[in-house]
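In this note's numbering, the protein residues as written are 12 to 168. Built from N, CA and C at the ideal position, the CB exists for glycine as well. Keep in mind it's a predicted model, so treat the numbers as computed, not measured. Heads up: the structure comes next, in structure tokens.
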Amino acid sequence: MPRTPCSKDISPSTRVAVALFLAERCVEGRVNHGSLKAAAEHFRISCTAMKEIAKHRDYPRALIAKRKYSPRAKKYTDQEFAQILVAVPLAQRQTLRALEDATSIPIDTLHCYIRSKLLRRYISRAKPKLTPDHKNRRLAWALGHVERPLGNLCYKT
12 MPRTPCSKDI SPSTRVAVAL FLAERCVEGR VNHGSLKAAA EHFRISCTAM KEIAKHRDYP
72 RALIAKRKYS PRAKKYTDQE FAQILVAVPL AQRQTLRALE DATSIPIDTL HCYIRSKLLR
132 RYISRAKPKL TPDHKNRRLA WALGHVERPL GNLCYKT
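Below, the structure written as structure tokens:
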């Protein structure tokens, strides 16, 4: 089961103190009923963390060791990813969805590359200016779809 995001590690000194607290309340190698809950309230640690500490209380090396962080390996190196992007035509790099289709790299991975600043967003603020001919054609198309009344039948009399 993965760790809770943003959760703080329990310091080794606290883990050792919890193990000693539980050792005092141990009879024949078994923890007394209610001792875990009492220790959780005393040290302000969750019951799940208390169970983990109680499980490893006989292994001092496990109590002192910090959690190992093992980041997930990337499929492509930075240079390989740059080569893949350069190979994609500009027209297929306009949106993330188009880039996903062109490179077969999932959109979530592309978001990770954006966060790591390997891929950069570009937003064009300049909009193309319409020519007068294009404006006339757009107006003609819009007027072609409008029903115009015949004569003076616009208003009820």
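- Shown here, Val157 sits in coil according to DSSP, grouped into three states, outside any helix or strand.
- Separation of the CB atoms of Gln103 and Ala93 is rounded to 16 Å, and the pair is thereby denied contact status at 8 Å.
- Where Asp20 is concerned, there is no enclosing alpha helix (DSSP H), because DSSP gives it neither an H nor an E.
- The segment 82 to 102 and the segment 46 to 60 do not touch, with fewer than three beta-carbon pairs separated by less than 8 Å.
- Residue nearest to Ile64 within the set Pro143, Asp20 and Ala109 is Asp20 (criterion: CA-CA distance).
- DSSP places Arg136 outside both helix and strand once states are collapsed to three, so it counts as coil.
- When secondary structure is reduced to three states using DSSP, Val99 falls in the coil class, being assigned neither helix nor strand.
- Inside the segment 22 to 87, DSSP marks whole alpha helix (DSSP H) runs of 4 or more residues at positions 23 to 35, 46 to 54, 58 to 66 and 71 to 75, from first to last along the chain.
- Following the DSSP letters along the chain, one finds Arg108 inside the alpha helix (DSSP H) bounded by residues Leu107 to Thr114.
- Thr120: member of the alpha helix (DSSP H) spanning Ile118 to Arg126, first to last residue.
- Using a Cβ-Cβ distance cut-off of 8 Å, the segment 147 to 160 and the segment 108 to 126 are not in contact, since fewer than three pairs of beta carbons, one from each stretch, lie closer than that value.
- Cβ neighbours of Leu47 within its own chain (closer than 8 Å, five residues either side excluded): Leu33, Cys58, Met61, Lys62 and Ala65.
- Shown here, Leu141 sits in coil according to DSSP, grouped into three states, outside any helix or strand.
- Shown here for Thr25: same chain residues with a beta carbon closer than 7 Å to its own, the five before and five after excluded, namely Phe54 in chain order.
- In the three-state DSSP reduction, Leu129 falls in the coil class, being neither helix nor strand.
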